[in-house]
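Here is the structure we will look at, set down as structure tokens.
In the working numbering, the protein residues as written are 13 to 325.
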């Protein structure tokens, strides 16, 4: 098995035909067919059936191709990393975070980090929880901040924040006069939710169903800023991380405590299967220091992000 045979398989799967695959690879169609035949001989099972003049992947091919794509994703990550190093040098720190931690938090952290390391570029990306940890686990980013589903090998986690969800609404909403919001208050209320995969959305749906209340979702979005903008416009109410509201003073939104408490635990993680660079450790400290004043600051009790950890440049 060689890389050219695998490239031929990928080209056919993506293009849908041997002729278009040949164009992509810059070779003749017979050459593509020969590469596929050689690959089939090597792996011991057929990759395609010819159905009404078209190549149809076999079941074995689909299973094999899934592993091929996972391998090529790793290669693409390496190519992207090499490109970044070539263009910017080794001085880059890549951060991925959920929108829920608040844009001002990241902005403050980047500002402080740049004062300490003006020679280093910071790349900041917004991702879903799953995307954050996948990107960190595959080396596409250096630091991730998001809720933690499971412990991934080779990653060190630090508790970043543990605020309780609050109910956001327009000051003109009928519930704005209440001091505390409960599931009973939200029975049938027009609710703006995060996407179905979001932990807060799932927790809220389970809570409303358990208590027999109608969970009336009228809009959903993965972005906290969009959710809060809709709330400000009077579309409905929604639960949010109070950290995500910080710095959005132009939005006409009020917050009320929600009971029972729904904790929103975020974690900061970075890879430790190889020693983290001093820039990664420094940026991690800046992120902790940038949290709103209601959160505890980084202390000596967190030596993994302190000067006591041995780091590489």
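Note that the Cβ used here is the ideal one computed from N, Cα and C, for glycine as well.
Secondary structure note for residue 41: its alpha helix (DSSP H) is the uninterrupted segment 41 to 55. When DSSP assignments are scanned along the region 104 to 131, the uninterrupted stretches of alpha helix (DSSP H) that are 4 or more residues long and fall wholly within it turn out to be 115 to 128.
One alpha carbon belongs to residue 53, the other to residue 67, and they sit about 18 Å apart.
Between the alpha carbons of residue 136 and residue 119 lies a gap of roughly 9 Å. Taking the Cα positions, residue 186 is about 30 Å away from residue 277. The beta carbon of residue 31 sits closer than 6 Å to the beta carbons of 41 from its chain, once the five residues preceding and following it are set aside; these are given in chain order.
DSSP, read as helix, strand or coil, puts residue 275 in strand. When C-beta atoms of the region 72 to 81 are compared with those of the region 102 to 114, fewer than three pairs fall below 8 Å, so the two segments do not count as touching.
Scanning 77, 210, 198, 242 for the CA closest to the CA of residue 221 turns up 198. Here residue 158 really is in contact with residue 141; their C-beta atoms are around 5 Å apart, less than 8 Å.
For residue 159, the secondary structure class from DSSP, reduced to helix, strand or coil, is coil.
Of 21, 13, 15, 286, the smallest CA-CA separation from residue 166 is found for 286. With respect to residue 225, residue 196 sits close: the two C-beta atoms are nearer than 9 Å.
Taking the C-beta atoms as reference points, residue 270 is found no nearer than 9 Å to residue 171. The three-state reading of DSSP puts residue 270 in strand, counting E and B together.
Spatial neighbours of residue 232 in its own chain (CB-CB distance under 6 Å, excluding positions within 5 residues in sequence) are listed in chain order as 205, 207. Distances from the CA of residue 176 to each of 13, 211, 275, 38 were compared; the closest alpha carbon is that of 275. A straight-line Cα-Cα distance of about 9 Å links residue 283 and residue 153. Residue 227 carries a coil assignment under DSSP once its states are collapsed to helix, strand and coil. The beta carbon of residue 188 is closer than 8 Å to those of 181, 182, 266, 268 in its chain, skipping five residues each way along the sequence. When DSSP states are grouped into helix, strand and coil, residue 30 belongs to the helix group. The C-alpha of residue 87 is placed about 47 Å away from the C-alpha of residue 246.
Under the three-state reduction of DSSP, residue 265 is assigned to coil, being neither helix nor strand. Burial state of residue 58 is exposed, judged by a 10 Å Cβ sphere holding fewer than 16 other Cβ atoms. Secondary structure at residue 168: strand, using DSSP grouped into helix, strand and coil.
DSSP lists no bridge partner for residue 13.
Comparing alpha carbon positions, the residue from 219, 264, 243, 303 closest to residue 273 is 219. Contact between the region 237 to 254 and the region 120 to 127 is absent, with fewer than three C-beta pairs closer than 8 Å. In this structure residue 156 is buried. Its beta-carbon is surrounded by 16 or more other beta-carbon atoms within 10 angstroms. Distances from the CA of residue 84 to each of 50, 200, 215, 22 were compared; the closest alpha carbon is that of 22. In the DSSP assignment, the residues bridged to residue 205 are 232.
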